[in-house]
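The sequence shown begins at 1 in our numbering and counts up by one. Just so it is clear, CB atoms sit at the ideal spot from N, CA and C, and this is done for glycine as well.
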Amino acid sequence: MRLKGKVSLITGAGSGIGQATAECFAQEGASVVAVDIDATAVKTTQRAIQASGGKCQTLILDVSQENQVKDAISSAVKWFGRLDILHNNAGISLLKPITETTEADLDKLLGVNLKGVFFGCKHAITQMASQGGGVIINTASELGLVGQPLYSAYCATKGGVLALTRALAAEWAAENIRVNAICPGPVDTPMLDAEFAIGSNPKAEEKALISTIPARRLGRPEDIARVALFLATAEADFVHGAAIVADGGKTIL
Ligand code: NAD
């Protein structure tokens with residue numbers, strides 16, 4: 001019960017890493033506000049948490065819309081009295097050469113992956129500063145640190161998340177607000193499945209990717225949830241502005 005009495009809000013909580021984090025935080029005693037654009041998915045997460053005796057409210061929203069994110073933070077405070085932990089995790093990917101990437105593609109990726117994180121930080125920090133502190137965890141990616149063909153727009157958004165994380169960590173550390181990022185490597189989620197499905201042989205794509213990971217497996221959503229848990233607890237009290245890589249060693253090669 002390392003998060004007993006804490007209030008958390010997790011975006012992208014209907015699937016993959018966000019779902020695993022929501023369930024992990026609830027198991028550790030936190031109240032969870034599970035946020036997603038997909039109503040059915042986030043209700044599934046809520047049912048799983050409630051079935052295990054946890055507390056969970058849901059909100060259906062688009063993180064790229066500032067007013068919706070602002071309202072979500074207000075709702076969390078209305079329901080549970082404060083906001084201790086924000087996990088900005090909702091994200092989308094795109095595999096295209098830059099020569100085929102449209103302005104609309106770029107705007108969509110920037111809206112969800114970067115502006116969504118920016119809005120979450122902005123409105124959570126307003127609340128956290130007023131209550132004496134809090135923790136923000138941003139899901140970036142290994143692709144915020146290294147380049148990969150066909151991921152130029154995605155890499156740009158994730159690099160932006162890392163820069164934003166460092167700037168906010170420096171700005172708010174003295175107010176007892178810790179802002180950190182996680183850089184997952186390939187994690188077995190619907191997002192990665194959709195990327196494999198673009199190729200003509202998804203199984204072969206998966207095998208080829210695994211051969212580039214020293215740990216010789218894909219990450220599991222729970223691997224990333226446990227890193228988020230560490231960052232959320234007082235065990236990470238002196239960790240500010242970090243980009244914690246959890247990638248089975250992929251980026252060390
Ligand atoms: P996923 O597709 O399984 O889950 C993402 C969730 O975000 C979905 O439930 C989706 O409905 C939600 N979402 C999408 N757009 C939204 C919006 N505008 N507003 C609110 N919710 C929205 O993906 P995942 O793999 O769990 O990815 C989670 C995060 O981890 C993303 O930021 C992703 O970029 C990052 N990441 C994933 C991997 C990987 O290999 N899976 C690797 C590195 C980083």
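Does the ligand NAD have even one heavy atom less than 6 Å from the beta-carbon of residue 176?
Here the question's residue 176 lines up with position 176 in the sequence shown. Distances taken from the Cβ of residue 176 to the heavy atoms of the ligand NAD include none shorter than 6 Å.
Could you tell me which whole alpha helix (DSSP H) segments of length 4 or greater appear in the segment 119-194?
152-172
Indicate whether the contact test is met: 3 or more Cβ pairs, each with one atom in the segment 43-55 and one in the segment 120-129, closer than 8 Å.
no
Can you check which of these residues, 21, 24, 61 and 23, is closest to residue 38 by C-alpha distance?
The sequence position of residue 38 within the sequence shown is 38, counting from 1. Cα-wise, what sits closest to residue 38 is 61.
Counting only runs of 3+ residues fully inside the segment 13-63, write out the beta strand (DSSP E) ranges in chain order.
Correct list: 31-36 and 56-60.
Going by DSSP, which residues form a beta bridge with residue 91?
On the sequence shown, residue 91 is found 91 positions in, with the first residue counted as 1. DSSP, once it has assigned bridges, lists no residue as partnering residue 91.
Taking the straight line between their C-alpha atoms, what separation do you get for residue 118 and residue 111?
Counted from its first residue, the sequence shown places residue 118 at position 118. Counted from its first residue, the sequence shown places residue 111 at position 111. Straight-line Cα distance between these residues: approximately 10 Å.
Comparing C-alpha positions only, which one of 107, 31, 183 and 91 sits nearest to residue 75?
In the sequence shown, counting from the first residue as 1, residue 75 sits at position 75. Measuring from the Cα of residue 75, the nearest candidate turns out to be 31.
Give the straight-line distance between the Cα atoms of residue 102 and residue 113, rounded to the nearest whole angstrom.
For this step, residue 102 is matched to residue 102 along the sequence shown. For this step, residue 113 is matched to residue 113 along the sequence shown. Residue 102 and residue 113: Cα-Cα distance of roughly 16 Å.
Consider the C-beta atom of residue 38 and the heavy atoms of the ligand NAD; say whether any pair is separated by less than 6 Å.
For the purposes of this step, residue 38 is identified with residue 38 of the sequence shown, where counting begins at 1. Indeed, a heavy atom of the ligand NAD lies less than 6 Å from the Cβ.
Do residue 228 and residue 98 count as a contact pair if the criterion is CB distance below 7 Å?
Residue 98 sits at position 98 when you count from the first residue of the sequence shown. Residue 228 sits at position 228 when you count from the first residue of the sequence shown. With a cutoff of 7 Å on beta-carbon distance, residue 98 and residue 228 are scored as not near each other.
Spatial neighbours of residue 19 within its chain, please: CB distance less than 7 Å, with the 5 preceding and 5 following residues excluded, ordered by chain position.
Looking up residue 19 in the sequence shown gives position 19. The residues are 13, 45 and 221.
Assuming the contact rule is C-beta atoms closer than 8 Å, residue 219 and residue 186 should be a hit. Round their C-beta distance to whole Å, please.
Locating residue 219 in the sequence shown gives position 219, counting from the first residue. Locating residue 186 in the sequence shown gives position 186, counting from the first residue. Yes, residue 219 and residue 186 are in contact; Cβ-Cβ is about 6 Å, under 8 Å.
Pull up the distance between the alpha-carbon of residue 214 and that of residue 252, whole angstroms please.
Counting from one through the sequence shown, the residue named residue 214 turns up at place 214. Counting from one through the sequence shown, the residue named residue 252 turns up at place 252. Computed Cα separation, rounded: 9 Å.
May I ask whether a heavy atom of the ligand NAD can be found less than 6 Å away from the beta carbon of residue 191?
Reading the sequence shown from its first residue, position 191 is the one you call residue 191. Yes, since a heavy atom of the ligand NAD falls inside the 6 Å radius drawn around the Cβ of residue 191.
State the start and end residues of the unbroken alpha helix (DSSP H) segment that holds residue 254.
The shown model of the chain, from 1 to 253, leaves out residue 254, and the question about it has no answer.
What three-state label does DSSP hand residue 243 in the structure shown?
In the sequence shown, residue 243 corresponds to position 243, counting from 1. Residue 243 falls in the strand class under three-state DSSP.
Within the continuous beta strand (DSSP E) that includes residue 8, where are the two ends?
Taking the first residue of the sequence shown as 1, we reach residue 8 at position 8. That run of the beta strand (DSSP E) goes 7-11.
In the DSSP assignment, find the unbroken alpha helix (DSSP H) run with residue 74 in it and report its ends.
Position 74 of the sequence shown holds residue 74. It spans 66-80 - the alpha helix (DSSP H) in which residue 74 sits, taken as one unbroken run.
Beta-carbon within less than 8 Å of residue 68's beta-carbon, same chain only, minus the 5 sequence neighbours each way: which residues are those?
Counting from 1 along the sequence shown, the entry for residue 68 is found at position 68. Cβ neighbours of residue 68 beyond the five flanking positions: 61 and 62.
Within 6 Å: the Cβ of residue 186 and any heavy atom of the ligand NAD?
Looking up residue 186 in the sequence shown gives position 186. Residue 186: yes, Cβ under 6 Å from the ligand NAD.
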